[in-house]
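Under UniProt numbering, the residue at position 366 of the sequence shown is numbered 366, and the numbers go up by one with no gaps. Take a look at the structure below.
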Amino acid sequence: MSTFTTETSRLLSDPTVPEEEYGIHDNSDDSTTTLQDGYITTTAEEASAISKSSLSLIITFFLQYSLNVVSIFSVGHIGKTELAAVSLSAMTFNISAGVFQGMATSLDTFCSQAYGAGKMKLVGLHFQRCVCMVFVIAIPINLMWWFSASILNLFVPDKDLTSLAQNYLRILAFGSPGFILFETGKRFLQAQGNFHGAKYVLYICTPINAVLNYVLVWDSSVGIGFYGAALATAVSYTLMAFLLLCYAAYVDGSKCWNGLQIRESCKNWGPMASLALPGVIMIEAEFLAFEILTLSAAKFGTETLAAQSIASTCASLVFQVPFGLSVAACTRVATYIGSQNVISAQIAIKVSLIIALILGVVLASSVYNGKDIIISWFTDDSKVIEQTLVVIQVLAYNQLFDTVNVISAGCLRAQGRQKIGSNLNLFCYYAIGLPMAMYLAFHRGWGLKGLWFGLSSGVFVLAIAELIAIFTADWEWIVRKSIERNSVEY
1 MSTFTTETSR
11 LLSDPTVPEE
21 EYGIHDNSDD
31 STTTLQDGYI
41 TTTAEEASAI
51 SKSSLSLIIT
61 FFLQYSLNVV
71 SIFSVGHIGK
81 TELAAVSLSA
91 MTFNISAGVF
101 QGMATSLDTF
111 CSQAYGAGKM
121 KLVGLHFQRC
131 VCMVFVIAIP
141 INLMWWFSAS
151 ILNLFVPDKD
161 LTSLAQNYLR
171 ILAFGSPGFI
181 LFETGKRFLQ
191 AQGNFHGAKY
201 VLYICTPINA
211 VLNYVLVWDS
221 SVGIGFYGAA
231 LATAVSYTLM
241 AFLLLCYAAY
251 VDGSKCWNGL
261 QIRESCKNWG
271 PMASLALPGV
281 IMIEAEFLAF
291 EILTLSAAKF
301 GTETLAAQSI
311 ASTCASLVFQ
321 VPFGLSVAAC
331 TRVATYIGSQ
341 NVISAQIAIK
351 VSLIIALILG
361 VVLASSVYNG
371 KDIIISWFTD
381 DSKVIEQTLV
391 VIQVLAYNQL
401 FDTVNVISAG
411 CLRAQGRQKI
421 GSNLNLFCYY
431 AIGLPMAMYL
441 AFHRGWGLKG
451 LWFGLSSGVF
461 VLAIAELIAI
471 FTADWEWIVR
481 KSIERNSVEY
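Structural data, given as structure tokens:
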């Protein structure tokens, strides 16, 4: 299984395929290939490249995460009902949008491997095909948002609250095309080694979003109160997509564009769907596990739920750091795989995991040593502080495992092994983590601490399992599957 090849040339030869049958006229010659035959990277080169790329991505993810936070802050000052409604809407949107993001992760494999193989125009076709797929899936999801009150009432008995949340989601629905185009567009650029485009767009859109929230929520002449926050977010998503596409067209990204290919984009969805579905499961499995944790914490009372909210928010913020590294590592490894440069791919994986271990220690230490300051940002209630202190310590230790888990997931995506990642996520969270969390919290009387200890045990097992999967990989199979994806004849 684990055969770390010592070849310096490509593992398998390129197939000769008539690209015209697939709707592509890729005139790229050998000089456009991104990685030279026989070139072997170095540890220092990979450490530098991955670190630089990660920094841009981390900034991007923090800025994008801030969009919803700004909406919650702006609405929170209207009243507690409105705050509860926007929080409920945000949770529903995030769960649903996880489907869009999960499907978009298929581009981490397809686009990056195509770029590594020098199939520039195929990168653009993969992007368009993914957009079409996600747009189709968005139809039932938007319908669900439009009539979400009946679903939310199953969990929340307050009909006034669910009605507000439904109307908020209806406005957000108009921003979903922009959200989809931005998520897929980011990956289209990242596959080309461009990690700055989305960051530059968010440099513009983040302050615009803040201004829109103020004007549409609070301005006495044009403000519409609660619904202004939803409108501000929808407009921001649309603007983000427009600016990112303009950046790709006029600044950097056009080399992988071969014009609109509607007919070709609407066929041969099978190979991409086979990675998109596991990608959705990988994202949703973790996200829903933490939502179940929050619902379980509510059974222990208001103070416990408040402590859980603080811990969950802190975890989401910290998550952006390893996730940035994960995407950078995924793109780097997948590009090497696309060029059939197995040795360099293996070096990039090892460097990424070493950085992950170092980063995990740094994040764990930062959260643990800064726990008093972090909690003070959210509350001054002594009972809430007492419970949060215990949970934050568990969260700090969890960073050691979760950082490795997140980066390992990126490496699996690079290898095109999302199915293994999805199976491991389902098993570790729902067969180990959550059962252990419920046992410790309710049967052993550990309360909120038990919930976090239990889920952390699942994360620990997941990290170990993913590492085993990565280092026992059949690289010949991985490269062969990459060649099939890039052969443009499925």
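The beta-carbon is built from N, C-alpha and C at its ideal position, and this holds for glycine as well.
- DSSP places ASP160 within a helical segment (H, G or I) once states are collapsed to three.
- Rounded to the nearest whole angstrom, the CA to CA distance from GLY410 to SER326 is 5 Å.
- Here the region 250-258 makes no contact with the region 235-242; the two share fewer than three CB pairs at distances below 8 Å.
- Inter-residue distance for GLU291 and ASP158 is about 19 Å (C-alpha atoms, whole angstroms).
- The region 370-378 makes contact with the region 388-403; the number of CB pairs closer than 8 Å reaches 3 or more.
- Between ALA90 and ILE72, the C-beta gap is smaller than 8 Å, which places the two residues in contact.
- Pairing ASP160 with SER150, the inter-Cα distance amounts to about 12 Å.
- A residue is called buried when at least 16 other Cβ atoms come within 10 angstroms of its Cβ; CYS246 does not meet this threshold and is exposed.
- In this structure, LEU363 sits near THR403, with a CB-CB distance shorter than 8 Å.
- Here the region 125-140 makes contact with the region 168-181; the two share three or more CB pairs at distances below 8 Å.
- Taking C-alpha positions only, LEU434 is separated from LEU63 by approximately 31 Å.
- In this structure, ILE58 lies near VAL321, with their beta-carbon atoms less than 8 Å apart.
- With a beta-carbon spacing of about 23 Å, ASN341 and GLY253 fall beyond the 8 Å limit used to define contacts.
- Rounded to whole angstroms, the Cβ separation of VAL70 and ALA198 is 18 Å, and the two are not in contact under 8 Å.
- Runs of the alpha helix (DSSP H) lying entirely within the region 161-215 and spanning at least 4 residues, in chain order: 176-190.
- Put simply, of VAL461, ALA114, THR313, CYS428 the residue whose alpha carbon is nearest the alpha carbon of THR379 is THR313.
- Here DSSP, grouped into helix, strand and coil, assigns TRP218 to helix.
- Following the DSSP letters along the chain, one finds ASP252 in no alpha helix (DSSP H), marked with neither H nor E.
- In terms of Cα proximity to ALA241, the closest of MET272, CYS205, GLY225 is CYS205.
- Note on geometry: alpha-carbon atoms of ALA431 and THR294 lie some 18 Å from one another.
- SER422 sits away from ALA463, with the two beta carbons spaced by 8 Å or more.
- Taking TYR368 as reference, the option from TYR397, ILE78, PHE323, LEU67 with the minimal CA-CA separation is TYR397.
- A residue is called buried once 16 or more other Cβ atoms fall within 10 Å of its Cβ, and THR302, having fewer, is exposed.
- A Cβ-Cβ separation of about 5 Å places VAL134 in contact with PHE100 under the 8 Å criterion.
- By the Cβ criterion, the region 79-88 is not in contact with the region 116-132, since fewer than three pairs of Cβ atoms, one from each stretch, lie closer than 8 Å.
- Straight-line spacing of the CA atoms in TYR250 and VAL131 works out to 20 Å.
- The C-beta of ARG485 has 16 or more other C-beta atoms within 10 Å across all chains shown, which makes the residue buried.
- When the Cα atoms are used, GLY450 and ALA437 turn out to be separated by approximately 6 Å.
- Cβ-Cβ distances below 6 Å link ALA285 to ASN425, LEU426, TYR429 in the same chain, with the five nearest sequence neighbours on each side left out; the list follows chain order.
- DSSP, read as helix, strand or coil, puts SER339 in coil.
- Just so you know, the alpha carbons of ILE95 and TYR39 end up roughly 42 Å apart.
- Annotation: LEU164 to SER316 spans about 25 Å, alpha carbon to alpha carbon.
- Straight-line spacing of the CA atoms in LEU88 and MET272 works out to 32 Å.
- Going by DSSP, SER408 is part of the alpha helix (DSSP H) stretching over 382-414.
- Measuring C-alpha to C-alpha distances from VAL86 to each of GLY98, TYR168, GLN128, THR105 identifies TYR168 as the nearest.
- Contact check for ILE347 against THR41 passes: the beta carbons are separated by less than 8 Å.
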